[in-house]
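Enquirer: Each residue of the sequence shown is one higher than the last, beginning at 246 in my numbering. Glycine is no exception: its CB is placed at the ideal position from the N, C-alpha and C atoms. In this text, all values refer to a predicted model and were calculated from it rather than measured experimentally.
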Amino acid sequence: MTEDRMALIELAEKHADGDLLRELGELVLQRLMDAEAEQHCGAGRHERSDDRINQRNGYRERTLETRLGTMDLRIPKLRTGSYLPSFLEPRKASEQALVAVVQEAYVKGISTRKVDDLVQAMGMNGISKSQVSRLCEELDERVEAFLNRPLDGPWAYVWLDATYLKSRERGAVSSQAVVVAVGVSSEGRRETLGMAVGPAETEAFWTEFLRSLVRRGLSGVRLVVSDAHEGLKQAIAKVIGATWQRCRVHFMRNALAHVPRKQHSMVAAVIRTAFVQENQQEARQQWRETADKLRERFAKVAELMDSAEDDVLAFMSFPKEHWPQLASTNSLERLNKEIKRRSRVVGIFPNNAAIMRLVGTLLAEQTDEWQVTRRYMSQETLARVLSTEDQANLLDRPEAA
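Here it is, written out as structure tokens:
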């Protein structure tokens, strides 16, 4: 006790105008570690005792980040076994907090500079870009597990879409296609089924992506909703073979590209009259009448409507309760906007792995939120879409039993 008291007095005199609390914290923790080491040894330092079961073997240096600042600790080493202070976990709590802060900030789209400011505000040392990247690599395990999890079917409806982010691959900056698939489970909840990153939306790229979903268990798909990308359409027909719904929002953009801006509102309103009909038969009739009305003034729009009738109105062959969700990829569009927002501060990703890390974590978080919010579709209405075989498989599941 006398030795400790003298050490405290020396600290007070030495740091009357300095960082006394941090030095005091170091002293207290050092004394605590020495006491714990003595317990592990069964005797004090240099003490001869029949109860001794181990011996000290020097120290190892380690820093501890706290709100008081960085503390330099000397952790006792033992000749037999290892010693870790009771106030430290295998990965010290402060380091875990730091990792959590950096990862959360990264996923939320906060810049590296702001992350550095945030870490310093917590009373810790600043953090470099390389440290941020190293810490965020710990997200990879979670993302990989999420994107490779089994997909227990059936998934009656699937939405597909892509957005583009910039990445530095092989020393050159280029736009990379980030493709995402979202489906509705038999319980009526949305889930992100998968994502992939590639140089372009080619048929081969989409085909391999869809095949990876099938290998993981994607089945029972009755309708796929997407834009009219040719490579994607061919991949859907080749791999899934389900009915294809052309997103009516994308179709409207394509149609209005052939119309003077001042006429956009009028033409859009006329085309939308088909979407408010009571059934698919009436919608088809209205669609053809609208195309004929527009043919004289906007021939290209009429031709586009002629060729797209089956695809744009495909959703109407499914339960009416599902029409608002099936007519477009709006739900995926909102997800893509969030991806863009969170990646905007990053600007150019260092590589495609960084894109997978950030976007994959975002998709995992979004899926978790969907699981605790209101169902996207009711189980009763979905049951009318599932095949007899799919319903039988659901009943055979252990949880159903």
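What are the boundary residues of the beta strand (DSSP E) that Ile298 is part of?
Expert: Taken as a continuous stretch (DSSP letters only), Ile298 belongs to no beta strand (DSSP E), as it is neither H nor E.
Enquirer: Quick one: grab the DSSP three-state call for Ser464.
Expert: Ser464: coil per DSSP, three-state reduction.
Enquirer: Could you have a look at Ala342 and say whether DSSP puts it in helix, strand or coil?
Expert: Because the pLDDT at Ala342 is just 49, under 50, the model does not fix this residue reliably, and the value given afterwards should be weighed accordingly. Note: Ala342 maps to helix in three-state DSSP.
Enquirer: Whole angstroms are fine: how far does the CA of Leu274 sit from the CA of Ala407?
Expert: Ala407 and Leu274: Cα-Cα distance of roughly 53 Å.
Enquirer: According to the Cβ coordinates, are Gln508 and Gln522 closer than 8 Å?
Expert: No, these two residues do not count as a Cβ contact at 8 Å.
Enquirer: Identify whether Gly289 lies in helix, strand or coil by the three-state DSSP scheme.
Expert: Three-state DSSP puts Gly289 in coil, outside helix and strand.
Enquirer: With DSSP as the reference, identify every bridge partner of Tyr409, one or two as the case may be.
Expert: Its beta-bridge partners are Ala422.
Enquirer: Within its chain, find whatever has a CB closer than 7 Å to the CB of Pro321; leave out the 5 residues flanking it on each side and keep chain order.
Expert: Counting only Cβ-Cβ distances below 7 Å, and skipping sequence neighbours, we find Met278, Asp279, Ala282, Arg301, Tyr304, Tyr328.
Enquirer: Taking all protein chains shown into account, do 16 or more other C-beta atoms lie within 10 angstroms of the C-beta of Glu517, making it buried, or fewer, making it exposed?
Expert: The amino acid at residue 517 is misidentified as Glu; the sequence shows Arg. It counts as exposed.
Enquirer: For the alpha helix (DSSP H) containing Lys582, list its first residue and its last residue.
Expert: 575-589 is the extent of the alpha helix (DSSP H) around Lys582.
Enquirer: Identify whether Phe594 lies in helix, strand or coil by the three-state DSSP scheme.
Expert: If DSSP states are grouped into helix, strand and coil, Phe594 belongs with the strands.
Enquirer: Using a Cβ-Cβ cut-off of 7 Å (strictly less than) and excluding sequence neighbours within five positions of Asp551, which residues of its own chain qualify?
Expert: Correct list, in chain order: Ala536.
Enquirer: Is the closest heavy atom of the ligand FAD to the C-beta of Arg542 under 7 Å?
Expert: Here there are no bound small molecules, and the ligand FAD is not part of this structure.
Enquirer: Applying the criterion that 16 or more other CB atoms from any shown protein chain within 10 Å of the CB defines a buried residue, is Pro395 buried or exposed?
Expert: Answer is exposed; the Cβ neighbour count stays below 16.
Enquirer: The alpha helix (DSSP H) spanning Val442 covers which residue range?
Expert: That residue, Val442, is in no alpha helix (DSSP H); its beta strand (DSSP E) goes 435-443.
Enquirer: Name the DSSP bridge partner or partners of Gln490?
Expert: According to DSSP, which records beta bridges pairwise, Gln490 is partnered with Val470.
Enquirer: Taking only three categories from DSSP, how would you classify Lys337?
Expert: For Lys337, the predicted model reports a pLDDT of 47, less than 50, meaning its position is unreliable; a value from the coordinates is still stated below. Correct three-state label for Lys337: coil.
Enquirer: Which residue comes first and which comes last in the beta strand (DSSP E) that contains Thr315?
Expert: Residues 314-323.
Enquirer: Given a cut-off of 8 Å on the beta-carbon distance, is the pair Ile622 and Gly398 in contact?
Expert: Residue identity check: residue 622 is Met in the sequence provided, not Ile. Contact: no.
Enquirer: Would the stretch 488-505 count as touching the stretch 461-470 if we require 3 or more Cβ pairs under 8 Å?
Expert: Short answer: they touch.
Enquirer: So, is Ala449 buried or exposed, given that buried needs 16 or more other C-beta atoms within 10 angstroms?
Expert: Exposed, by the Cβ-count rule.
Enquirer: Could you tell me if Val617 is buried or exposed, where buried requires 16 or more neighbouring beta carbons within 10 angstroms of its beta carbon?
Expert: Exposed, because fewer than 16 other Cβ atoms sit within 10 Å of the Cβ of Val617.
Enquirer: With a threshold of 6 Å on Cβ separation, who are the neighbours of Thr325 within its own chain once the five nearest residues in sequence on each side are excluded?
Expert: Excluding positions up to five away in sequence, the list reads Asn299.
Enquirer: Quick check on DSSP: helix, strand or coil for Trp404?
Expert: Trp404 falls in the strand class under three-state DSSP.
Enquirer: Our contact map puts Leu455 next to Ala480 with C-beta atoms below 8 Å; I'd like the distance itself, whole angstroms only.
Expert: Their Cβ separation, rounded to whole angstroms, is 5 Å, which keeps Leu455 and Ala480 in contact under 8 Å.
Enquirer: Measuring CA to CA, which of Leu410, Arg293, Asn524 is closest to Ala441?
Expert: Comparing Cα positions, the closest option is Leu410.
Enquirer: Would Trp404 and Thr612 be called neighbours here (beta carbons separated by less than 8 Å)?
Expert: Not closer than 8 Å, so no.
Enquirer: I'd like the span of the alpha helix (DSSP H) that includes Lys507, first residue to last.
Expert: Where Lys507 is concerned, there is no enclosing alpha helix (DSSP H), given that its DSSP letter is neither H nor E.
Enquirer: Would DSSP call Arg307 helix, strand or coil?
Expert: Arg307 falls in the strand class under three-state DSSP.
Enquirer: Taking 8 Å as the threshold (C-beta atoms), are Val423 and Ile593 in contact?
Expert: No.
Enquirer: Considering Cα atoms alone, identify which of Asp317, Ala401, Ala514, His474 is closest to His495.
Expert: Residue His474 is the option with its Cα nearest to His495.
Enquirer: Let's test the definition: count the other Cβ atoms within 10 Å of the Cβ of Gly439 and tell me whether it reaches 16, buried, or not, exposed.
Expert: Label assigned to Gly439: buried.
Enquirer: Please report the distance separating the alpha-carbon of Phe391 from that of Glu614.
Expert: C-alpha separation (whole angstroms): 14 Å.
Enquirer: Just verifying my parser: in three-state terms, what is the DSSP assignment at Val429?
Expert: Strand, per DSSP.
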